[in-house]
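Sequential numbering of the sequence shown, starting at 341, is according to this note's numbering.
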Amino acid sequence: MGFMKRAGLYCIRQRFKTFILFLLLTLIAAFMLTGIAIRNAAKGAAADVQTAIGGKILLDVDTDGHMGDGQPNQWGGMDYSYNGDYITQEIVDAIKTVNGVVDYNVEEAAGYYGAGVNFKYLPSSLGLSYTPYGESSSYTVTLSSEKCKAFQSGKYKLVEGRHITANDKYTCLISKELADYNKLSVGAKIKMYSLDADGISDNSDGISEFEIIGIFDGTEGSSGNAMLADEIPANCGYVDYGGVEDIFKDNDGDDGYSQLSIYVEDPVSIQNVYDKISALPELKGKTLKLTIDTEEYDVVSTPLDSLQTLMNTILIIISAASIVILTLLLTIWIRGRKKEIGILQSIGKNRAAIILQIFTETFIVAVISFAASIPFSNMIAQKTGAYLLSGIGAETTSLNVQIDAAYLLPLYIIGILIIAVSVIASSWSVIHSKPKDILVKMS
Numbered sequence: 341m342g343f344m345k346r347a348g349l350y351c352i353r354q355r356f357k358t359f360i361l362f363l364l365l366t367l368i369a370a371f372m373l374t375g376i377a378i379r380n381a382a383k384g385a386a387a388d389v390q391t392a393i394g395g396k397i398l399l400d401v402d403t404d405g406h407m408g409d410g411q412p413n414q415w416g417g418m419d420y421s422y423n424g425d426y427i428t429q430e431i432v433d434a435i436k437t438v439n440g441v442v443d444y445n446v447e448e449a450a451g452y453y454g455a456g457v458n459f460k461y462l463p464s465s466l467g468l469s470y471t472p473y474g475e476s477s478s479y480t481v482t483l484s485s486e487k488c489k490a491f492q493s494g495k496y497k498l499v500e501g502r503h504i505t506a507n508d509k510y511t512c513l514i515s516k517e518l519a520d521y522n523k524l525s526v527g528a529k530i531k532m533y534s535l536d537a538d539g540i541s542d543n544s545d546g547i548s549e550f551e552i553i554g555i556f557d558g559t560e561g562s563s564g565n566a567m568l569a570d571e572i573p574a575n576c577g578y579v580d581y582g583g584v585e586d587i588f589k590d591n592d593g594d595d596g597y598s599q600l601s602i603y604v605e606d607p608v609s610i611q612n613v614y615d616k617i618s619a620l621p622e623l624k625g626k627t628l629k630l631t632i633d634t635e636e637y638d639v640v641s642t643p644l645d646s647l648q649t650l651m652n653t654i655l656i657i658i659s660a661a662s663i664v665i666l667t668l669l670l671t672i673w674i675r676g677r678k679k680e681i682g683i684l685q686s687i688g689k690n691r692a693a694i695i696l697q698i699f700t701e702t703f704i705v706a707v708i709s710f711a712a713s714i715p716f717s718n719m720i721a722q723k724t725g726a727y728l729l730s731g732i733g734a735e736t737t738s739l740n741v742q743i744d745a746a747y748l749l750p751l752y753i754i755g756i757l758i759i760a761v762s763v764i765a766s767s768w769s770v771i772h773s774k775p776k777d778i779l780v781k782m783s
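Given below as structure tokens:
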């Protein structure tokens with residue numbers, strides 16, 4: 341009788357042991373499948389993030405050594421103005437033609453300061469009133485709020501309305517905290533006293549009206565004990581570049597952007613794109629500085645990379661633990677089969693055939709167990725993935741964790757290795773005993 345037939349008959353005869361082994365292998369397979377699925381989902385999500393966010397190159401005015409002579413101000417200090425080059429439309433048009441550049445945006449943090457005329461900011465500790473309308477707060481001036489750092493990283497999320505686009509003029513986004521504080525909603529118009537805008541353009545009183553087109557959240561619980569209004573994140577919003585440009589159009593100063601975010605399709609090739617932009621003749625001799633920034637991509641991808649590493653570690657731990665547990669179980673059972681093994685050896689069955697029989701017994705159960713673990717793995721994989729993401733600080737990223745048929749191949753490969761190591765380790769001492777010694781002890 342061949343070892344495969346003996347293995348099948350043993351599984352049928354020892355139903356209770358077979359059932360215990362089935363449960364153990366099903367549990368092992370479920371953990372393994374869950375780990376493989378989460379690891380691959382994290383890898384896929386990282387690739388999607390790479391495509392969606394890409395890399396970013398920043399072009400800024402170089403203020404170092406180009407701030408001119410200071411002028412005394414009314415508070416006894418000195419005001420300095422930049423006297424270098426700005427990012428003109430000609431430069432922007434040249435950058436757009438560079439292979440690998442997919443988009444651009446302007447995001448000038450604190451590019452506009454406005455005091456609330458018909459609304460109030462969340463109060464600060466000092467509550468200074470240095471304008472006719474009290475404290476002012478800062479706003480990020482942008483062509484596209486959706487591409488701004490806080491929204492790309494997931495720190496802020498639009499909950500009502502829409503984002504600012506390059507075609508907007510005199511529009512703004514405000515925080516949900518500020519909207520609730522003033523009972524404002526999308527479509528409402530707020531008036532702001534623009535600092536340094538008094539008497540310029542057609543706006544002789546320095547007051548401008550902006551339409552609220554969107555409301556975002558993510559500022560909750562971050563105010564602390566702020567001294568000034570603009571130190572409270574909920575007071576800081578976003579305004580379109582067109583409106584601010586119109587407000588200050590007659591003011592002496594820049595003729596272009598002071599900052600430009602250049603989006604690259606693939607972060608891996610960002611250095612190549614950087615070199616091409618640096619070589620543009622439109623940038624030669626300009627007081628502008630170019631830097632590579634992958635912060636937005638890193639913020640989202642780093643937790644995903646960490647999750648992949650974590651899952652690889654967990655898979656190794658599961659494999660090691662499975663070998664230990666399975667070896668202990670098989671060792672106990674094999675010691676109870678000393679007589680059977682002694683008889684097989686005495687009738688001429690070599691050690692390899694006996695080990696193959698025990699391996700086949702275990703593998704037959706494993707084939708059924710691994711298949712049975714699929715629906716169980718599906719139930720726990722998604723929840724486990726979400727829990728692990730939150731645990732490593734990636735709440736803003738979602739995982740599409742699914743048990744794919746392709747995962748069965750690595751599962752069976754790992755399973756065969758685990759079974760092989762466990763069978764050899766558990767049967768080693770008994771198999772290497774002489775048949776006569778075994779039978780004598782049994783008698």
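Glycine is no exception: its CB is placed at the ideal position from the N, C-alpha and C atoms.
If you're wondering where the values come from, they're calculated on a predicted model, not measured in any experiment.
Opposing strand residues paired with residue i [DSSP bridges]
i, result
"residue 550", "530"
"residue 481", "448, 579"
"residue 309", "Here the chain has residues from 341 to 783 only, and residue 309 is not among them."
"residue 433", "Answer by DSSP bridge pairing: none, since residue 433 is not bridged."
"residue 784", "No information on residue 784 is available, as it lies outside the stretch 341 to 783 that the chain covers here."
"residue 632", "397"
"residue 456", "532"
"residue 555", "500, 514"
"residue 426", "Residue 426 is not bridged to any residue."
"residue 476", "455"
"residue 599", "400"
Distance between residue j and residue i (C-alpha atoms, nearest Å)
i, j, result
"residue 621", "residue 613", "15 angstroms"
"residue 861", "residue 602", "One cannot answer for residue 861 here, as it falls past the ends of the chain, which runs 341 to 783."
"residue 423", "residue 379", "52 angstroms"
"residue 565", "residue 716", "49 angstroms"
"residue 503", "residue 485", "6 angstroms"
"residue 586", "residue 617", "29 angstroms"
"residue 444", "residue 598", "13 angstroms"
"residue 528", "residue 440", "40 angstroms"
"residue 352", "residue 359", "10 angstroms"
"residue 650", "residue 377", "13 angstroms"
"residue 661", "residue 492", "41 angstroms"
"residue 538", "residue 579", "Bear in mind that a pLDDT of 48 at residue 538, under 50, signals an unreliable position, so the number given afterwards is only what the model happens to contain. Residue 538 and residue 579: Cα-Cα distance of roughly 19 angstroms."
"residue 534", "residue 454", "5 angstroms"
"residue 658", "residue 632", "40 angstroms"
"residue 607", "residue 693", "55 angstroms"
"residue 748", "residue 654", "18 angstroms"
"residue 363", "residue 709", "7 angstroms"
"residue 703", "residue 696", "10 angstroms"
"residue 752", "residue 759", "10 angstroms"
"residue 746", "residue 669", "30 angstroms"
"residue 609", "residue 714", "39 angstroms"
"residue 518", "residue 648", "39 angstroms"
"residue 572", "residue 619", "41 angstroms"
"residue 470", "residue 574", "20 angstroms"
"residue 426", "residue 754", "60 angstroms"
"residue 665", "residue 501", "57 angstroms"
"residue 543", "residue 615", "With a pLDDT of only 49 at residue 543, under the threshold of 50, the placement of this residue in the model should not be trusted; the figure read from the coordinates follows. Spanning the two alpha carbons is a distance of roughly 43 angstroms."
"residue 488", "residue 480", "9 angstroms"
"residue 473", "residue 399", "35 angstroms"
Outcome for residue i when other beta-carbon atoms lying within 10 angstroms are tallied against a minimum of 16
i, result
"residue 742", "exposed"
"residue 456", "buried"
"residue 569", "buried"
"residue 496", "buried"
"residue 635", "exposed"
"residue 652", "exposed"
"residue 545", "exposed"
"residue 475", "buried"
"residue 656", "exposed"
"residue 448", "buried"
"residue 466", "exposed"
"residue 701", "buried"
"residue 395", "buried"
"residue 589", "exposed"
"residue 548", "buried"
"residue 442", "exposed"
Anticipated Cβ contact below 8 angstroms, residue i with residue j, distance rounded
i, j, result
"residue 705", "residue 361", "5 angstroms"
"residue 402", "residue 600", "Rounded, the Cβ-Cβ distance is 13 angstroms, inconsistent with contact."
"residue 510", "residue 550", "5 angstroms"
"residue 581", "residue 446", "6 angstroms"
"residue 595", "residue 428", "7 angstroms"
"residue 421", "residue 408", "5 angstroms"
beta-carbon residue i near the ligand FMN non-hydrogen atom, thresh 7 angstroms
i, result
"residue 744", "With respect to small molecules bound, the structure shown includes none, and the ligand FMN cannot be examined in it."
Practice task
Could you say if the stretch 376-384 and the stretch 642-652 meet the contact criterion of at least three C-beta pairs nearer than 8 angstroms?
Solution key: Three or more Cβ pairs drawn from the stretch 376-384 and the stretch 642-652 lie within less than 8 angstroms of each other, which places the two stretches in contact.
Practice task
Answer yes if the stretch 512-527 comes into contact with the stretch 547-558, meaning at least three C-beta pairs across the two stretches below 8 angstroms, and no otherwise.
Solution key: When C-beta atoms of the stretch 547-558 are compared with those of the stretch 512-527, three or more pairs fall below 8 angstroms, so the two segments count as touching.
Handout entry: Given 8 angstroms, three or more beta-carbon pairs between the stretch 426-437 and the stretch 614-633
Key = Using a C-beta cut-off of 8 angstroms, the stretch 426-437 makes contact with the stretch 614-633, since at least three inter-stretch Cβ pairs fall below that distance.
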